[in-house]
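Numbering (the working numbering), first residue to last: 172 to 455.
Just so it is clear, CB atoms sit at the ideal spot from N, CA and C, and this is done for glycine as well.
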Amino acid sequence: MNTQKIGWIGLGNMGIPMAEQLIKADYAVTVYNRSKDKEAVLKEMGASIAETPKDLVAATDVVIVMVTDDVAIEQVFKGDDGLFSAENAGKIIINMSTVSPSISKEMAALCQDKGSIYLDAPVSGSVKQAETGQLVIMVGGDETAFNEVKPILEKMGKMAVRLGEAGVGNVAKLAINSLLALYTQGLAETVVFANQQGIKTEDLLNLINNGAIANVFTKIKGYVIVADNYKPAFALKHIVKDLNLAKAIGLDLPLAKTARNTFEAAAANYGEEDLIAVIKQLKA
């Protein structure tokens, strides 16, 4: 068994399969989640359960956080039973959530004050990549700490790269997700336009997927459109959050503005569905 004890906070669509990769790699994993029912599958695999983040950090060496947004990070770190309510000197805390660079810089400074080390390490990839350990992980923070935990990250991803100091990983993720929004809207508009001219979606996708602009994303999301099944691998509401985080740090370019407006309009009706459900907004 690997000697480092890992704590995991946040068991959403991505958190569960990512934590599973660590258990399969023979790490001792302790998990905490606000919705206790989601802990059951990991407990069956051998994970221990912590009642609070405070209990979790006391029992582990490395803590990984994978939650929704800045508000959740504030609660996990600074809540009454949060990570900062316990002694955490010498711990490495890895925040793999897609959050603002500013909150990562704040938490990094607070961790330093408490004798622990913070890394922001958001991921590129969706549920399928999490399930197969094929995520791309972009990291900001201390280089020595990164090198120490890199073997852990590489159990979840095919690539883990340190880009600079705290917050830089979050900047890279927001840049990538901005491109994701452009891809998604571009694919949706292309399908809508072709349908309006009498071309079947399946025929169009067959042409795209065998041409020079073929890519994995178009194949995956094209299948979603054809199947008319918008179960979220990445919920539309989350791309709205990410586009607004990118805007807050300076992304104000023409395509990004258009995508943000489109996805914000779609979120009212389709926010809980997969982000390619934006096609429904474009058809309306």
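- For VAL449, the enclosing alpha helix (DSSP H) begins and ends at 449-454.
- Cβ neighbours of SER275 within its own chain (closer than 6 Å, five residues either side excluded): ASP291, ALA337, GLY338, ASN341.
- Within the region 326-401, the complete alpha helix (DSSP H) segments at least 4 residues long are 339-367, 372-380, 387-398, listed from N- to C-terminus.
- Note: VAL310 is bridge-paired with ARG333 in the DSSP secondary-structure output.
- The beta carbon of ASN380 sits closer than 8 Å to the beta carbons of THR389, LYS390, GLY393 from its chain, once the five residues preceding and following it are set aside; these are given in chain order.
- Within 10 angstroms of the beta-carbon of GLN305 lie fewer than 16 other beta-carbons, which makes it exposed.
- For ASP251, the secondary structure class from DSSP, reduced to helix, strand or coil, is coil.
- One thing to note: CYS282 has its Cβ no nearer than 7 Å to the Cβ of ILE265.
- Take the alpha-carbon of LYS408 and the one of VAL449: they are about 10 Å apart.
- Rounded to whole angstroms, the separation of the alpha carbons of LYS195 and ASN386 is 30 Å.
- Counting the other Cβ atoms within 10 Å of the Cβ of ALA398 gives fewer than 16, which makes it exposed.
- Around the CB of VAL202, 16 or more other CB atoms lie within 10 Å, so the residue is classed as buried.
- DSSP places TYR441 inside the alpha helix (DSSP H), whose first and last residues are 425-441.
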